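Chains as they are written, first to last, in the numbering used here: chain A, 1 to 223; chain B, 1001 to 1235; chain C, 2001 to 2306.
For each residue, glycine too, the CB sits at the ideal point set by N, CA and C.
In this text the structure is predicted, and so the values were computed from the model without any measurement.
I have placed the structure first, in the form of structure tokens, so that the comments after it can refer back to it.
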Amino acid sequence: MPKGLFLDVVDPWINWDWLSTHIPYVLAAVQEHVTLTIVAVALGLAISLPLGILAHRWGRLRLLILTVFGVFYTIPSIALFALLIPYTGLSGTTAEIPLIGYNVLVLVRNVLVGLDSVSPDVLDAADGMGYRPFARMIRIELPLALPAIFAGLRVATVSTIGIVTITAVIGLGGLGQLILRGLIESFHSPLVVATVLCILLAFFADLLIAGAQRFAVPWARPS
Amino acid sequence: MNLFQATWQWLTDPAHWQGIDGIPTRLVEQIHLSIESVAIGAVIALPIGIVLGHYGRFGNLAINISNVGRAVPSFAILVIAFQVFGLGDVPIILALTALAVPPMVTNSYVALREVDPDVKDAARGMGYRELAQLLRVELPLAVPLIMAGVRTSAVQVVATATLAALIAGGGLGRYIVDGLARSDNPRTLAGALLVAALALATELLLAGLQRALVPRGIRLLKTPAANRASTFKTA
Amino acid sequence: MTRFRGSVWLFGALGAAAIVIAACGGTPAPSTSTSKGTVTVAGFNFPESSVLAQLYGQELAHNGYTINYKVNLGTRKVVAPALQSGQIDLYPGYAASELEYFNNGAGEATPDAAATTAKLNTYLAKINAIALTPSAAFDGNAYAVTKATATKYNLKTLSDLTPIASQLVFGAGPECPTYKFCLPGLKSVYGLTFKQTLTLDTDGPATRAAFKNGSIQVGLVFSSDSDLNSLGLVVLQDDKHMIAADNVVPVVRQAVATAEVKTVLDKVDAGLTTADLVTMNGQVELLHQDPDAVAKAYLQQHNYFP
């Protein structure tokens, strides 16, 4: 294993002593990380569902939403965190606003793809059976759009888990705090622990959502 | 003066267009980091994805590389690269290349797999041998999806390269990180807008390149899925 | 039937998420019923600040307060506004630098720690904050060169740099161009204009790496750094006294600065010396011990200043 550059003392890539004495610290970071992620994805979904449904109905709204959130998506997260500080401080809100904004783009796109993919024959049949528009949306179109929505949820969640690390620059960060600390103190262990845990977290979340999809949408296997 | 006016003033100040911290210098640094990472990434990823896709082997591996790749936090990769290799462009390019490879592997794998087996059969029937079949039949058909993968990687790398400033790197991220350190919001916003503009320009450029590379006959088929690169934000 | 279940799933998932957030997201109630309140302690983004934050925080915790740490928060330009807006309650400041921040670089800081702190408090009063009694422990900006550079140009003081500065590359952190005791001071007091200034980090790993690979010849370090010798660096003497009284002093919000809090913090500061800072920095920078472990050992050694 290559040694760090300026170390006279050997600094192993994971110092198990350090880890065993810092379990609460690491767990607290994981908890903060998970909370930030869940809030961002849940609120993103909560906003994207109605927005997506409306955008599906009105073509002009679709263009507007995709453009606005699309442009937002190209702005680096670290810049948005910095710019929001004067308004929302060094708080969870500052972290969540950009995270939610990014997720809205991903999820709205997927809601639209899902709704677009519903066959006109199905819609016709539903109309013929007497479904009114709202009921048709809730009972027919949305469920058929679920595979696409779940795919979007997986992408949004894994992406959010990565970007949450960057909120360390405004004093949050969850596992990002360990990364920042590893950088500033030239210390390997928190950095490696955080990286591994982030990857595991992402895998676990992806598995969870894919599993939920299998349950909720048995006719469409997750890819 | 509000933030937008102050940012406009910052962007139009001639002093900010000169010198080592000037916009042209930082822009060139960002572009340099991005192009090198995507190019090296493509040289590694495309052959792997294409060959795996052509033979239809190790499909799970290709998908899993992509999944692991997406799960790696880019901030962490950059810091690890810095701690192993020190200062300079090399660690940054290595980290960005690692991020660029997964989408290109997966997309090129899927692109080759999606080539209609009937077409491959017809080619074999016409007498094409393996390599010729790959190069002259399968690849042109696969170009849209492969290019979509390159586009995804490129836009992702351009955005993530901003994080290089956190490990004393250059590029447009320097404006954002310095702006945060000095609470100089016009500088931060200017940096953010420049990065966003660069990302958009990259997307448009590569979309144009994709259109140029796709054979006319395929273009007429209008495959909407490949026209829009799937995005994945890492920074 | 399955289709109906599908939609319900989506809304059910949102509801479950809401419950999870409510369960996990709330800050835990203070563990002891006798907690005297919560204090949020912040630190700048360099190891010594983390150590100082831990010293203050752990001493307060020992006296019954619940502490929230926000270390590695950023530069003064991020931390000070956070105190002003009440998001943090306390941070370990450096008297002269705090004064020159809050007076917009008016140049009122002097080498006298008490006078500097008194002046600082006239500004802090306007934002409902207060700086307590400054410690004897001092840590100010210092400018170092490699031993080789020092020998080559026969450098001992910062004034020695003036004739040759234009041949040298300088490295510091992003806040340096606007920080009184950094580039502006070097220019106005010593007339230094470097060939190039590289933005690295504030006395962090990037600056050290830049010295090592020769990309900079002069760099910003801190006077209480312990690894300078082992890195082959020499600090140039501040012969014209650009650096003022950067003694460690806690900056606290008035709302939190009760008589007891003040007493507790003052006790820590009274016992802290510059040598202590250097020792603790060494433990973190060279031996890779944790700031919180280092602080704990120090406090235990001093029996938590009874």
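Nearest residue (CA-CA) to Q2084/C, options F2046/C, K2156/C, Q2283/C and L2124/C
L2124/C
Cutoff 8 angstroms: Y102/A Cβ touching any chain B Cβ
yes
Closer than 8 angstroms, CB to CB, is F81/A near chain C or not?
no
Is the shortest distance between the beta-carbon of Q2084/C and the beta-carbons of chain A less than 8 angstroms?
no
Is S2227/C close to chain B, meaning its C-beta is less than 8 angstroms from at least one C-beta of that chain?
The displayed chain sequence assigns Asp, not Ser, to residue 2227/C. Output row for D2227/C: interface = no.
Quick check: what's the CA-CA separation for G2074/C versus E1138/B?
53 angstroms
Can you grab the Cα-Cα spacing for the pair G2026/C / G2232/C, in whole Å?
Residue placement at G2026/C is poorly supported in this model, since its pLDDT is 47, which falls under 50; the coordinates still yield a value, given next. Whole-angstrom Cα-Cα distance: 49 angstroms.
Residues near A2257/C by beta carbon distance below 6 angstroms, same chain, minus five either side
I2130
Do L90/A and G171/A count as a contact pair if the criterion is CB distance below 8 angstroms?
yes
Enclosing alpha helix (DSSP H) for A2206/C [first to last residue]
P2205 to K2212
If we ignore side chains and look at the alpha-carbon of each, how far apart do A210/A and A1095/B end up?
29 angstroms
Backbone CA spacing between A1122/B and A1045/B [nearest angstrom]
28 angstroms
Where DSSP assigns a beta bridge to F2170/C, which residues make up the other side?
T2197/C and V2218/C
Going by the beta-carbon positions, is the gap between V2278/C and S2230/C smaller than 8 angstroms?
no
Looking only at its own chain, which residues have a Cβ that is under 8 angstroms from the Cβ of D2266/C, when we skip the five neighbours before and after it?
L2132 and T2133
Check whether the stretch 2106 to 2126 of chain C and the stretch 2085 to 2096 of chain C are in contact - that is, three or more C-beta pairs closer than 8 angstroms.
yes
Can you find a CB in chain C that lies within less than 8 angstroms of the CB of R181/A?
yes
Can you give me the C-alpha to C-alpha distance between K2180/C and T2122/C, rounded to a whole angstrom?
19 angstroms
Range covered by the alpha helix (DSSP H) that runs through K2147/C
K2147 to Y2153
Proximal residues of chain C, C-beta to C-beta of D1178/B below 7 angstroms
P2174 and T2199
Here's a check: name, in chain order, each residue in its chain whose Cβ is nearer than 7 angstroms to the Cβ of P2291/C, leaving out the five neighbours to either side.
P2047, S2050, V2051, Q2054 and V2284
Counting along the chain, where does the alpha helix (DSSP H) carrying G1154/B start and finish?
With the sequence shown as reference, residue 1154/B is identified as Ala, and Gly is not the correct amino acid for it. L1139 to T1160 is the extent of the alpha helix (DSSP H) around A1154/B.
I want to see whether chain A comes within less than 8 angstroms of S2031/C, judged by CB atoms only; does it?
Low confidence applies to S2031/C: its pLDDT is 48, below 50, so where it sits in the model is not reliable enough to give any reading.
Beta carbon proximity, F6/A to chain C, threshold 8 angstroms:
Only weak support is given to the placement of F6/A: the predicted model assigns it a pLDDT of 42, under 50, and the value that follows is read from those uncertain coordinates. Yes, its Cβ sits closer than 8 angstroms to a Cβ of chain C.
Does any residue of chain A bring its CB to less than 8 angstroms from the CB of P1073/B?
yes
Range of the contiguous alpha helix (DSSP H) that encloses R1129/B:
Segment: none, R1129/B is in no alpha helix (DSSP H) and carries neither H nor E.
Quick check on the burial criterion: 16 or more other C-beta atoms within 10 angstroms. Buried or exposed for N2281/C?
buried
Measure the C-alpha to C-alpha separation of I1048/B and S189/A and round it to an integer number of angstroms.
33 angstroms
How long is the line joining the alpha carbons of P2030/C and G2064/C, rounded to whole angstroms?
Bear in mind that the predicted position of P2030/C carries a pLDDT of just 44, short of 50, making it unreliable; the figure below should be weighed with that in mind. So the two alpha carbons sit approximately 10 angstroms from each other.
Could you check what DSSP says for N2063/C in three-state terms: helix, strand or coil?
coil
Per-residue contacts from S124/A into chain B (C-beta, under 8 angstroms):
Note on identity: in this sequence residue 124/A is Asp, with Ser being the wrong assignment. The contacting residues do not exist; D124/A stays about 23 angstroms from chain B at best.
Which residue wins for smallest C-alpha separation from S186/A, given the options L2286/C, N2141/C, T2197/C and A2295/C?
L2286/C
In whole angstroms, give me the CA-to-CA distance for F1004/B and E2175/C.
22 angstroms
If we call anything under 8 angstroms between Cβ atoms a contact, is Y1987/C one with V2235/C?
Summary: the structure shown does not reach residue 1987/C, with chain C confined to residues 2001 through 2306, and so no result is reported for it.
Secondary structure at V2256/C, three-state DSSP: helix, strand or coil?
coil
Boundaries of the beta strand (DSSP E) in which G1171/B is found, first to last residue
It is not in any beta strand (DSSP E) - G1171/B carries neither H nor E in the DSSP assignment.
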